[in-house]
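Peer 1: Dropping a structure here in structure tokens format, bear with me for questions.
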Amino acid sequence: MKKIVLMTTALLMVVGFSNAVMASPEEDRQIFLNFYKERFPNVPQDDYINGVYAIDPVGRENWEAIEEFPPYETAIDAGKSMWDTAFANGKTYSDCFPDGPAIMSKYPHWNKEKGSVITLPLALNACREANGEKPLKYNKGAIANIVSYIAYESRDQVTNVVIPKDDPRALEAYEMGKKFYFTKRGQLNFSCANCHLQNVGMVLRTEILGPAVGQTTHWPVYRSKWGEMGTLHRRFKGCNEQVRAKAFKPHGEEYRNLEYFLTYQSNNLPLNGPGARK
Amino acid sequence: MRKTKYLGILVLAFILVGGIGCATASSDKMSSMKTEMTADDATAAIAAADAARKKAGSVSGEWRDTGKIIGEAEEAAKAGDFAKAVKLANKAKVQGERGYEQMVSQEKLRLPSYFK
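Protein chains in written order, with my numbering: chain A, 901 to 1178; chain B, 22 to 137.
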């Protein structure tokens, strides 16, 4: 009898564990949403697009004051100028992105031909290279400007990351991003989830840890700490370095998959980039 | 009785002084060992640290400062401070080993209990 009970318990644990690991992307998203709903019952779901300011009323007051004279405006203007200026061969970004510039909600997406996740900065650089231009560096500067313009033009579009079912590699990429998110790394042995899920709302030194849902909707951002605009992958790099892990290459496979997983969790939320953060 | 008491104190004092002497000698010996590190020791320690760093990197587990510490070890070796070079290289080697173990131990995704 004891053996049967033990075997049944073990079986149930295995089944439970497999289910947890093999949850579908949509189930993952619901788990995230339910987690934050339980932790912050008074925060409306749409308010998560404001990142940490959805749960930090004092920080929100400061942020709203900053938003009266947005520090990212010059980046939008510079980005518009880039969009409108022809490459040396006479073509423009519009030739690569005929639906542009409001194309933010199309990224990141799975590219079946290339067998990888394509992010917006990656697509912009591919466009440049196809037209004989040098690719832009990924963390800051011109790339942040043009993505700011595209983000601004895409405001109020809705996050819509699709994981196509006709190519199992897309789900694999998502799962790799998920694994990255939950893997502890660096000398401090922290995962993304340790800060943005397990300890969300807690204070780390002087900063409140923000929720994962809504985290991708407002990029690029002007960060006061940087004193300039920066991209989402610059922030990924900063997070990894803060836990004393060696950062990965921006728009390399690791961060592309992470962006795919993380952006999926914000599906159905409006895009509101560019933004301003401390 | 009184004589025995003084004798006891004397013996204790000898033991104490002797102990301190030994400890000092041992410490001197250790520091002389440190200064006796050679360029070959430093080169070997740095190579071992770099191998550990690369091994960690092969599983995406390299830590932020490991490469920097190896660089500092190389600088110390160039400056002829081989003891410092070995000490830094050993520190980097441990980081490489821990980074590798950290990633290998998480080879399979295990979701935390709070994610359910």
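We treat Cβ as the ideally placed atom computed from N, Cα and C, and that holds for glycine.
Predicted, not measured: the structure shown is a model, and the values here were computed from it.
Should residue 135 of chain B be flagged as near chain A, meaning a C-beta pair shorter than 7 Å?
Peer 2: yes
Peer 1: Closer than 7 Å, CB to CB, is residue 1030 of chain A near chain B or not?
Peer 2: Judged by the 7 Å Cβ criterion, residue 1030 of chain A is not in contact with chain B.
Peer 1: Given a cut-off of 7 Å, decide if residue 1011 of chain A and residue 1150 of chain A are closer than it, judged by their beta-carbon atoms.
Peer 2: No, they are not a contact pair.
Peer 1: Excluding five sequence neighbours on each side, which residues of the same chain lie with their C-beta closer than 6 Å to the C-beta of residue 966 of chain A?
Peer 2: Excluding sequence neighbours, residue 966 of chain A sits near 1176.
Peer 1: For the segment 1117-1142 of chain A, list every residue whose C-beta sits within 7 Å of some C-beta in chain B, in sequence order.
Peer 2: 1141
Peer 1: To the nearest whole angstrom, what separates the beta carbons of residue 63 of chain B and residue 106 of chain B, a pair I think is in contact under 8 Å?
Peer 2: 4 Å
Peer 1: Can you pull out the residues from the segment 1078-1105 of chain A whose beta carbon lies closer than 8 Å to at least one beta carbon of chain B?
Peer 2: 1078, 1079, 1082, 1083, 1084, 1085, 1086, 1087, 1089, 1093, 1097, 1098
Peer 1: Would you mind reading off the limits of the alpha helix (DSSP H) that contains residue 939 of chain A?
Peer 2: 925-939
Peer 1: Are the beta-carbon atoms belonging to residue 941 of chain A and residue 1164 of chain A less than 7 Å from one another?
Peer 2: Taking 7 Å as the cut-off, the beta carbon of residue 941 of chain A is found no closer than this to the beta carbon of residue 1164 of chain A.
Peer 1: Check whether chain B comes within 7 Å of residue 1178 of chain A, counting only Cβ atoms and requiring the distance to be less than that.
Peer 2: no
Peer 1: For my contact list, residue 988 of chain A and residue 1033 of chain A are in at a C-beta cut-off of 8 Å; report their separation, rounded to the angstrom.
Peer 2: 7 Å
Peer 1: For the alpha helix (DSSP H) that residue 963 of chain A lies in, which residues bound it at each end?
Peer 2: Taken as a continuous stretch (DSSP letters only), the alpha helix (DSSP H) holding residue 963 of chain A covers 957-966.
Peer 1: Which residue wins for smallest C-alpha separation from residue 973 of chain A, given the options A:1036, A:962, A:1053?
Peer 2: A:1053
Peer 1: What residue ranges within the segment 1110-1170 of chain A form continuous beta strand (DSSP E) runs of no fewer than 3 residues, ordered along the chain?
Peer 2: 1121-1123, 1128-1130
Peer 1: Rounded to a whole number of angstroms, what is the C-alpha to C-alpha distance between residue 1023 of chain A and residue 1116 of chain A?
Peer 2: 18 Å
Peer 1: Comparing C-alpha positions only, which one of A:1141, A:1169, A:1098, A:1160 sits nearest to residue 1064 of chain A?
Peer 2: A:1160
Peer 1: For residue 1104 of chain A, name the three-state secondary structure that DSSP assigns.
Peer 2: strand
Peer 1: Keeping to the same chain, check which residues put their C-beta closer than 6 Å to that of residue 1100 of chain A; ignore five residues upstream and five downstream.
Peer 2: Closer than 6 Å at Cβ, skipping near neighbours: 1109, 1111.
Peer 1: Express the C-alpha separation of residue 93 of chain B and residue 1166 of chain A in angstroms, rounding to a whole number.
Peer 2: 43 Å
Peer 1: Does the Cβ-Cβ distance between residue 1086 of chain A and residue 1147 of chain A come in under 7 Å?
Peer 2: No, Cβ-Cβ distance for residue 1086 of chain A and residue 1147 of chain A is not below 7 Å.
Peer 1: Answer yes or no: does any C-beta atom of chain B fall closer than 7 Å to that of residue 1146 of chain A?
Peer 2: yes
Peer 1: Would you give the residue range spanned by the alpha helix (DSSP H) that residue 119 of chain B belongs to?
Peer 2: 103-125
Peer 1: Along chain B, which residues have their Cβ under 9 Å away from the Cβ of residue 938 of chain A?
Peer 2: For residue 938 of chain A, there are no C-beta contacts with chain B under 9 Å, since the nearest C-beta of that chain is about 10 Å from it.
Peer 1: Using a 10 Å radius around the Cβ and a threshold of 16 neighbouring Cβ atoms, would you call residue 998 of chain A buried or exposed?
Peer 2: exposed
Peer 1: Looking at the structure shown, is residue 950 of chain A part of a helix, part of a strand, or coil, going by DSSP?
Peer 2: DSSP, reduced to helix, strand and coil, places residue 950 of chain A within a helical segment of the structure shown.
Peer 1: Based on Cα-Cα distance, which residue from A:1050, A:1169, A:986 lies nearest to residue 1003 of chain A?
Peer 2: A:1050
Peer 1: In the DSSP output, what is residue 85 of chain B paired with across the bridge?
Peer 2: Beta-bridge pairing links residue 85 of chain B to no other residue.
Peer 1: If you draw a straight line from the alpha carbon of residue 928 of chain A to that of residue 133 of chain B, how long is it in whole angstroms?
Peer 2: 13 Å
Peer 1: For residue 1058 of chain A, name the three-state secondary structure that DSSP assigns.
Peer 2: Strand, per DSSP.
Peer 1: Would you report the Cα separation of residue 1106 of chain A and residue 970 of chain A, rounded to the nearest angstrom?
Peer 2: 23 Å
Peer 1: Does the distance from the C-beta atom of residue 886 of chain A to that of residue 1045 of chain A stay below 7 Å?
Peer 2: Given a span of 901 to 1178 for chain A in the structure shown, any question on residue 886 of chain A remains unanswerable.
Peer 1: Got a sec? Which residues, its chain only, sit under 8 Å from residue 985 of chain A by beta carbon, not counting five neighbours each side?
Peer 2: 992
Peer 1: Is residue 1021 of chain A buried or exposed, if buried means 16 or more other CB atoms sit within 10 Å of its CB?
Peer 2: buried
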